[in-house]
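These notes concern the structure reproduced below.
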Ligand SMILES: Cc1cc2nc3c(=O)[nH]c(=O)nc-3n(C[C@H](O)[C@H](O)[C@H](O)COP(=O)(O)OP(=O)(O)OC[C@H]3O[C@@H](n4cnc5c(N)ncnc54)[C@H](O)[C@@H]3O)c2cc1C
Ligand SMILES: Cc1cc2nc3c(=O)[nH]c(=O)nc-3n(C[C@H](O)[C@H](O)[C@H](O)COP(=O)(O)OP(=O)(O)OC[C@H]3O[C@@H](n4cnc5c(N)ncnc54)[C@H](O)[C@@H]3O)c2cc1C
Ligand SMILES: Cc1cc2nc3c(=O)[nH]c(=O)nc-3n(C[C@H](O)[C@H](O)[C@H](O)COP(=O)(O)O)c2cc1C
Ligand SMILES: Cc1cc2nc3c(=O)[nH]c(=O)nc-3n(C[C@H](O)[C@H](O)[C@H](O)COP(=O)(O)O)c2cc1C
Ligand code: FES
Ligand code: FES
């Protein structure tokens with residue numbers, strides 16, 4: 000058996016396979032299909048300081064080889080997460096990564112501070128694809144200085160690994176990557192969803208109540224892979240790659256492009272066992288190709 | 000029969016259906032399947048000052064509901080176009096739009112100047128998704144000032160309608176749109192391809208010889224539609240919408256989002272008669288929904 | 002019981018009305034776990050087009066034969082492909098999912114009244130089967146636009162259910178809507194327990210009537226779904242909030258429902 | 002002749018070797034227009050997955066019956082789906098496409114020598130049929146890895162072709178490659194005209210031999226294709242440039258080829 004363990008910016012994972020925030024609930028929802036102990040890590044639903052009800056419905060629409068979602072960060076708040084959802088995960092031998100979102104730079108810091116003193120959370124994934132309330136709603140994730148400010152605010156409040164999750168809706172993803180690495184990110188996750196929309200031609204209204212929504216799924220894979228490739232060249236922290244991964248071959252493409260770990264998102268909805276299938280597929284690939292340690296193929300396409 | 004004629008920034012089209020540059024050759028290639036006289040306009044393959052051989056192969060890869068291409072602007076040059084490919088189109092009662100690309104701002108101007116004195120070319124589509132040789136290869140289409148400079152250079156050399164084609168690989172498409180409209184664009188075309196890539200895990204090399212390639216096809220439709228919607232709100236010139244249109248319903252979504260005309264690209268490869276099917280589908284929709292003039296539904300979702 | 006991810010084998014499929022299909026699937030483990038009002042997430046093929054599964058209710062559950070039956074309207078892209086599936090074909094699915102209809106205690110002495118609109122009939126048949134096993138087959142009030150949208154009435158009759166139909170165009174039964182059937186309170190002196198499934202406007206209208214008349218009422222809701230497992234939060238509906246100072250909260254149709262007591266449901270506007 | 006966009010009806014499909022399928026399609030207008038060496042762009046279903054058509058050569062053309070036959074390797078996503086198509090199914094396609102094999106004038110007195118590698122046999126059968134109608138059936142030199150990749154040899158024999166096979170593992174015919182068969186110049190005193198189709202390394206090797214020995218030679222090339230119509234420029238190959246001062250230019254495999262005279266072809270490296 001090949002060694003699949005990886006170090007994602009200080010977070011030790013027994014294998015590179017994790018889940019994309021928002022597509023795997025709080026983990027237990029998938030327990031009927033997935034052996035949670037075998038996952039490299041579990042990334043839970045995006046969490047905010049206060050509980051949120053999220054957007055009105057419809058929140059979801061199917062698109063060619065993809066889907067649009069505008070859940071609007073419905074979540075029980077960080078206290079709800081810690082009280083309700085964290086305890087059952089403690090019996091599982093897999094690190095839990097909490098994905099956080101804030102309305103202001105300060106909120107990110109407060110969230111990090113709460114997580115720092117909470118046992119059972121191994122790392123923080125910082126979702127910067129959120130509107131900055133103080134800057135008229137422009138996303139933190141589209142302005143290097145804002146993204147860096149968020150990262151610093153988190154960094155100053157925690158010693159746990161900080162993984163900053165980049166938005167793909169930018170001209171130059173490497174500029175964003177460099178800004179948040181300089182601000183203290185231990186690892187980068189990419190990509191979040193592409194901004195999209197759909198129209199119901201019968202009603203002449205947007206399909207999604209929120210008008211705009213995030214595009215994910217196999218459709219976006221070529222864009223995500225390109226960004227992982229570019230960011231791998233631009234920075235030296237490890238990357239958590241995601242965006243349209245639907246099978247082991249896709250996952251290996253991301254690893255070869257430079258991802259240390261990979262996350263499965265939308266594919267959990269088309270095959271709830273996908274994380275296990277992908278893990279087994281990576282194992283089979285390594286065996287077949289004589290890869291003794293997964294590190295041999297991380298970034299292989301650059302060599 | 001409803002009135003489908005539209006005015007795309009001074010270019011009169013008998014209906015909104017045209018072809019995406021690079022996917023329809025020089026028109027005649029599709030004559031076995033398409034009545035070229037019934038098209039609203041024909042946009043021909045991207046043209047440069049000098050002939051170009053383009054990129055090495057593989058230039059193409061299939062992706063989920065999409066494709067990657069890196070043709071590299073292979074074309075016979077503007078003189079080759081005018082001498083070989085334009086004459087046979089003169090017998091067809093459909094305006095021809097020439098899509099131009101340059102290595103420098105000056106080249107765009109020279110191309111416009113040549114086209115200005117060439118009969119049989121109705122309008123210019125300016126492809127700004129090209130590397131700016133003088134600025135280290137950064138695309139004109141990702142910097143508002145560069146895009147505006149290209150637009151001005153074309154505008155100063157022609158009185159024909161100037162349609163500037165925007166790149167989707169930007170943080171804020173409306174900023175680009177405003178810059179080129181201020182610089183004199185009569186209409187905007189969007190979107191060009193999203194930057195993507197693919198990896199062959201067997202060889203551990205990029206699938207496309209050029210490494211990066213442009214993603215097109217149904218996969219990108221939600222992103223394209225969102226950008227048309229945003230740009231419609233931001234500027235007042237008419238829009239030529241494209242990106243993943245595969246049937247009449249898709250085309251109508253773009254029209255409702257704000258497109259005055261629409262272009263069919265990748266779908267020409269899955270159904271060479273797609274332009275006709277889409278035109279007929281739009282006609283049927285208008286009849287069914289009591290739309291007497293297509294203008295009634297342009298931008299309908301904003302009302 | 003925990004849902005199962007598996008491949009069902011299509012045993013038989015037939016078009017029972019124009020555009021409406023009934024398929025029988027062999028999927029023993031799911032059939033054994035399922036309860037009336039639950040649903041499955043079924044994929045119409047193994048590819049990426051369409052990407053997502055379709056939620057379809059269980060129309061018949063046969064734990065002994067190991068089969069489930071689906072009754073569905075072939076309306077859009079996915080269900081049109083499903084309608085072309087041939088016997089022997091494997092269809093990936095997971096289920097049973099959600100919280101189904103609640104049967105009350107016999108002492109409560111409710112008379113089950115199934116209130117269906119169009120394809121909303123689908124999840125009510127296994128419920129009627131369960132009630133008739135208790136020797137209380139109940140009444141079906143079935144509204145549809147036209148006779149072409151009325152189906153599987155025989156199945157209910159076979160169970161001993163009193164079937165009353167209304168069509169908007171009068172092509173079958175009474176001319177009118179299901180609410181017109183309800184107006185007559187055809188249960189006489191008995192206490193009705195309404196089990197309602199159908200299009201949203203009909204659900205709202207029945208809910209309103211039930212509230213004003215004080216009838217017990219359960220409603221099966223529909224929302225667009227991805228996971229069916231309570232993970233993605235696509236499928237929420239508004240329900241009464243327990244916390245003070247809040248009018249409503251978002252519940253998940255897939256795991257908190259699809260069936261809710263009418264008192265829980267909060268409609269928009 | 003102009004290509005046609007249509008739907009072919011699958012009459013019959015069979016697996017003739019593990020992973021290799023032969024399908025007969027009813028598509029009269031295409032069959033009437035087609036010539037040996039041409040191909041069709043065939044879609045394996047009506048959906049978006051996979052998106053693009055697959056280019057497949059014509060393996061048999063029967064203008065009277067209105068049928069074409071395709072022989073293909075089910076290797077990837079699209080061809081695997083194609084292999085599941087059942088009789089009666091409609092498959093969208095356009096064709097015939099490209100410039101096929103060139104028959105020379107009888108006065109030139111060439112002996113046709115078909116040089117095939119693996120599935121490269123596919124487009125050579127209708128060519129042999131055309132030559133045998135001229136009472137010059139020719140010779141087939143057929144190389145494959147193993148006997149499992151040798152197929153339709155009977156079809157050539159029925160036409161009177163002299164069939165010689167080499168397999169790399171020696172499981173059929175001579176042990177070796179097709180170039181080993183060529184080394185023997187089995188055409189005696191006749192002037193050979195080589196018609197070559199197979200994997201790229203084999204094409205290069207045969208091309209080199211033909212050049213050094215002065216044999217006439219046509220080569221059928223493959224490239225990834227979108228349109229098959231000369232419009233997208235995906236499918237280019239390097240060919241000798243006519244303009245002075247240029248070593249090569251890009252030609253389109255789909256419309257300038259797929260068959261080229263060996264003298265036109267420029268290989269990379
Ligand atoms: C719990 C539940 C049980 C259901 N049971 C049945 C049943 O027994 N029989 C039946 O005919 N229908 C049932 N439906 C509705 C059925 O799921 C939709 O009609 C179906 O998903 C539409 O798919 P399509 O391919 O025809 O449409 P498309 O237009 O191709 O669908 C596109 C997307 O929208 C979603 N969608 C479209 N319409 C609906 C809808 N009304 N509800 C939920 N999602 C929708 C699809 O799932 C898909 O993701 C049920 C829905 C739910 C939520
Ligand atoms: C003119 C021409 C004639 C051909 N005739 C035959 C034939 O008679 N029999 C036969 O078995 N094969 C033939 N091929 C090769 C055949 O087109 C490919 O094997 C097939 O497209 C692969 O599709 P897939 O779904 O199996 O693979 P996938 O891996 O799913 O293909 C992905 C993409 O790559 C393209 N692609 C992959 N391999 C090739 C290839 N070798 N050549 C061109 N495109 C490729 C596909 O068309 C598709 O766009 C021919 C190719 C050309 C260009
Ligand atoms: C339904 C849904 C909900 C999501 N919620 C979140 C979230 O709360 N926080 C976050 O950072 N990303 C969220 N995402 C984005 C995913 O984590 C992931 O970045 C994206 O979907 C791309 O991966 P995929 O194509 O594999 O789905 C969500 C995606 C989906 C589809
Ligand atoms: C093979 C190919 C070649 C293209 N060549 C050009 C080009 O020369 N100039 C240009 O402006 N756009 C070019 N494009 C982009 C298309 O015109 C169009 O903007 C894009 O493909 C999105 O539309 P679609 O999804 O309908 O294909 C090309 C696209 C493809 C697929
Ligand atoms: S469908 Fe995913 S939470 Fe209900
Ligand atoms: S396949 Fe499009 S030019 Fe050859």
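Chains as they are written, first to last, in the working numbering: chain A, 0 to 302; chain B, 0 to 302; chain C, 2 to 270; chain D, 2 to 270.
Glycine included, every Cβ here is placed at the ideal spot set by N, Cα and C.
Simplified DSSP state of residue i, which is helix, strand or coil
i	result
residue 84(B)	helix
residue 149(B)	helix
residue 280(B)	helix
residue 226(A)	helix
residue 24(C)	strand
residue 294(B)	helix
residue 253(C)	strand
residue 122(B)	strand
residue 100(B)	coil
residue 179(B)	helix
residue 70(A)	coil
residue 137(A)	coil
residue 130(A)	strand
Outcome for residue i when other beta-carbon atoms lying within 10 angstroms are tallied against a minimum of 16
i	result
residue 15(D)	exposed
residue 44(D)	buried
residue 161(C)	exposed
residue 11(B)	exposed
residue 145(B)	buried
residue 213(C)	exposed
residue 23(D)	buried
residue 119(B)	exposed
residue 55(D)	buried
residue 36(A)	exposed
residue 47(C)	exposed
Of the residues the options, the one placed nearest residue i, counting alpha carbons only
i	options	result
residue 91(B)	57(B), 41(B), 98(B), 68(B)	41(B)
residue 231(B)	186(B), 131(B), 272(B)	186(B)
residue 16(B)	276(B), 289(B), 82(B), 288(B)	276(B)
residue 264(D)	234(D), 20(D), 220(D), 70(D)	220(D)
residue 117(C)	251(C), 183(C), 20(C), 108(C)	183(C)
residue 67(B)	169(D), 129(D), 226(D)	226(D)
residue 31(B)	36(D), 33(D), 53(D), 7(D)	7(D)
Counterpart residues of residue i in DSSP-defined beta bridges
i	result
residue 95(C)	6(C), 42(C)
residue 111(D)	192(D)
residue 267(C)	Its beta-bridge partners do not exist; DSSP assigns none.
residue 145(D)	168(D)
Residue i: CB within 7 Å of a non-hydrogen atom of ligand 7
i	result
residue 66(B)	Among the ligands in the structure shown, ligand 7 does not appear; only ligand 1, ligand 2, ligand 3, ligand 4, ligand 5 and ligand 6 can be found there.
Min CB distance residue i to chain F below 8 Å
i	result
residue 235(D)	Here chain F cannot be found, since the structure's protein chains are A, B, C and D.
As a quick check of your reading: which residues have a C-beta less than 7 Å from at least one non-hydrogen atom of ligand 6, in chain order?
226(D), 227(D), 228(D), 229(D), 230(D), 231(D), 232(D), 233(D), 234(D), 235(D), 236(D), 253(D), 254(D), 255(D), 256(D)
Which residues count as close to ligand 2 when the rule is a CB under 5 Å from any of its heavy atoms, in chain order?
61(B), 40(D), 53(D), 55(D), 56(D), 57(D), 58(D), 73(D), 74(D), 76(D), 77(D), 78(D), 79(D), 80(D), 120(D), 123(D), 223(D), 225(D), 259(D)
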